[in-house]
């Protein structure tokens, strides 16, 4: 009985969610078609859909997607490598944790995007400044979670492994990494999200190419339907990536 | 060459590390080094300060001797120029305007996010239905629709406030929902059986219970609003700080640019610290 009620409730919430989305779409449609909302502000959803199909079919999004994806991959890999490495070495001594952890946490709490003008000044308007700011911003959550992960490994586990004669490598591979992995993974996930956000953000603010740049260009040329199509495209990609990363994280936790 | 080991119990296996709190025997002979070592070990904050000073020194020498003065300015000069930055026509007003945008954006985020969070969190059905939608919107890179905010709200402070709210409101909703969700049902049941009405339950059971998560949400909301306002300011601005950062960058005045950014960073740190203190203070009753 209880299970059946759960199922109906679940179906009902699904219905509410779908209803909500449909209502938003209906409002959008009604606003543009019947209530005379300016098409320069809010294009018709049908037009947007046609534009989206057009953009996808013609493949005109590819160059921008390539730029953004390259920037993102390089930035995230840099942040991941440096963050886990620095975090690991800091976590090896409780003393260094106490020295560095507040420093990292303090820097992490200020919006680093403020420094974007400086990055543009140093690295130019091209991809280098985006990579640099993305890597900087996602470095901090990664290093913080790595320090927390390796720093809080249960001492009993380490002692037990040592007393059974584990070598440095064995201790690292079979005790420290599995114990720290869940925390590090959640840091990597946050780093992933903020790297994506900051790269799209810096592309929007000052850039020469990339998806963010393209959206701004279209907005400035008042090609709203196409701009909406690009926005939908980018949102879909990020939503997909987020789902993918959540899956990976969950799998990493189980197998860690 | 740091060896892989944890501290304490396992340390007997190998020689002590520099970070070990017990004093190393190598220095027994020298009382003064010994004392300094002890002092540093007991006060990691001093070493932390040392690291910061070292980084400033690296920056200073790099800026003075190795790099193009058009692009970078040594910290000593930046610090000395803070007064000049504040004297620049319009900068005090820009700072005031940005602060105003922040305050209004934060107030709106809390005023809307808190009731919404309560409404969603207190009703299990609403939570199951609307939380996925909230999380979906929370996870979206809202920066992609920033041009739209400008089109709708103009390039003045309104668009910055609106964009700040778009970033600040969702973390508040999510944490409030999480805070209400953790409420033990037994507390609600016992309050009800003692004859508490809806308002009483809200005031004396739910509200005290969710204070810690409420303040955690305020902190996240504050950094969200800060991020949103600054992004919008940097994107386009007629009078706020975004205008001046662009101007200083384009005119190659790194000293003023660094000074302005340092001031904004200080503002961000202070705001963050205020909310963090409040969070700490109001969650002490537990």
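Protein chains in written order, with the numbering used here: chain G, 4 to 259; chain X, 1195 to 1480. Built from N, CA and C at the ideal position, the CB exists for glycine as well.
Looking at the C-beta of residue i, does it have a partner C-beta in chain G at a distance below 9 Å?
i: residue 1445 (chain X); result: no
i: residue 1198 (chain X); result: For residue 1198 (chain X), the predicted structure reports a pLDDT of 46, less than 50, and the residue's modelled location is therefore unreliable. The matter cannot be settled from this model.
i: residue 1344 (chain X); result: yes
i: residue 1242 (chain X); result: yes
i: residue 1401 (chain X); result: no
i: residue 1330 (chain X); result: yes
i: residue 1322 (chain X); result: yes
i: residue 1369 (chain X); result: no
i: residue 1204 (chain X); result: Its pLDDT being 41, under 50, residue 1204 (chain X) is placed unreliably in this model, and the value from its coordinates should be taken loosely. Yes, residue 1204 (chain X) counts as interfacial toward chain G.
i: residue 1266 (chain X); result: yes
i: residue 1437 (chain X); result: no
i: residue 1319 (chain X); result: yes
i: residue 1272 (chain X); result: no
Under three-state DSSP, which class holds residue i?
i: residue 20 (chain G); result: helix
i: residue 43 (chain G); result: coil
i: residue 171 (chain G); result: helix
i: residue 1212 (chain X); result: For residue 1212 (chain X), the pLDDT reaches just 47, beneath the cut-off of 50, and the residue's location in the model is therefore unreliable, leaving the point undetermined.
i: residue 7 (chain G); result: helix
i: residue 249 (chain G); result: helix
i: residue 240 (chain G); result: helix
i: residue 1449 (chain X); result: helix
i: residue 1378 (chain X); result: coil
i: residue 1326 (chain X); result: helix
i: residue 66 (chain G); result: helix
i: residue 1352 (chain X); result: helix
i: residue 1416 (chain X); result: helix
i: residue 1440 (chain X); result: helix
i: residue 1262 (chain X); result: coil
i: residue 1255 (chain X); result: helix
i: residue 157 (chain G); result: coil
i: residue 129 (chain G); result: coil
i: residue 211 (chain G); result: coil
i: residue 1411 (chain X); result: helix
i: residue 113 (chain G); result: coil
i: residue 1394 (chain X); result: helix
i: residue 1283 (chain X); result: coil
i: residue 1217 (chain X); result: With a pLDDT of 49 at residue 1217 (chain X), under the threshold of 50, the modelled position of that residue is not reliable, and the figure given next carries that caveat. Here residue 1217 (chain X) sits in coil by DSSP.
i: residue 1271 (chain X); result: helix
i: residue 1430 (chain X); result: coil
For the candidate residues the options, whose alpha-carbon lies nearest to that of residue i?
i: residue 16 (chain G); options: X:1247, X:1319, X:1408, X:1382; result: X:1319
i: residue 1397 (chain X); options: X:1470, X:1312, X:1326; result: X:1312
i: residue 201 (chain G); options: X:1445, X:1438, X:1335, X:1399; result: X:1335
i: residue 1266 (chain X); options: G:18, G:148, G:122; result: G:122
i: residue 1369 (chain X); options: X:1416, X:1254, X:1281; result: X:1416
i: residue 163 (chain G); options: G:211, G:199, G:178, G:225; result: G:178
i: residue 89 (chain G); options: G:204, G:53, G:142; result: G:142
i: residue 224 (chain G); options: X:1342, X:1305, X:1250, X:1247; result: X:1342
i: residue 132 (chain G); options: G:205, G:34, G:244, G:31; result: G:205
i: residue 70 (chain G); options: G:243, G:129, G:166; result: G:129
Does the beta carbon of residue i sit closer than 9 Å to a beta carbon anywhere in chain X?
i: residue 120 (chain G); result: yes
i: residue 141 (chain G); result: no
Please report the distance separating the alpha-carbon of residue i from that of residue j.
i: residue 55 (chain G); j: residue 65 (chain G); result: 13 Å
i: residue 190 (chain G); j: residue 217 (chain G); result: 30 Å
i: residue 104 (chain G); j: residue 1467 (chain X); result: 16 Å
i: residue 1215 (chain X); j: residue 1308 (chain X); result: Because residue 1215 (chain X) carries a pLDDT of 49, less than 50, the predicted location of this residue cannot be relied on, and the following value inherits that uncertainty. Distance between the alpha carbons of residue 1215 (chain X) and residue 1308 (chain X): 46 Å.
i: residue 161 (chain G); j: residue 153 (chain G); result: 11 Å
i: residue 1299 (chain X); j: residue 11 (chain G); result: 40 Å
i: residue 1259 (chain X); j: residue 1346 (chain X); result: 48 Å
i: residue 1269 (chain X); j: residue 1235 (chain X); result: 29 Å
i: residue 115 (chain G); j: residue 140 (chain G); result: 6 Å
i: residue 127 (chain G); j: residue 53 (chain G); result: 36 Å
i: residue 1391 (chain X); j: residue 1473 (chain X); result: 28 Å
i: residue 195 (chain G); j: residue 24 (chain G); result: 27 Å
i: residue 1294 (chain X); j: residue 1310 (chain X); result: 24 Å
i: residue 27 (chain G); j: residue 213 (chain G); result: 29 Å
Is it the case that the Cβ atoms of residue i and residue j are separated by a distance below 9 Å?
i: residue 86 (chain G); j: residue 181 (chain G); result: no
i: residue 1292 (chain X); j: residue 1421 (chain X); result: no
i: residue 42 (chain G); j: residue 230 (chain G); result: no
i: residue 1418 (chain X); j: residue 241 (chain G); result: no
i: residue 1452 (chain X); j: residue 1252 (chain X); result: no
i: residue 1404 (chain X); j: residue 1373 (chain X); result: yes
i: residue 236 (chain G); j: residue 58 (chain G); result: yes
i: residue 1358 (chain X); j: residue 1303 (chain X); result: yes
i: residue 78 (chain G); j: residue 198 (chain G); result: yes
i: residue 1502 (chain X); j: residue 1439 (chain X); result: Residue 1502 (chain X) cannot be examined here, being either before or after the span of chain X that is shown, 1195 to 1480.
i: residue 1427 (chain X); j: residue 1436 (chain X); result: yes
Answer yes or no: the CB of residue i versus the heavy atoms of the ligand NAP, is any distance below 8 Å?
i: residue 45 (chain G); result: Although the ligand NAP was asked about, the structure shown includes no ligands whatsoever.
Below 9 Å on C-beta distance, what does residue i contact in chain C?
i: residue 23 (chain G); result: You won't find chain C in this structure, because its protein chains are G and X.
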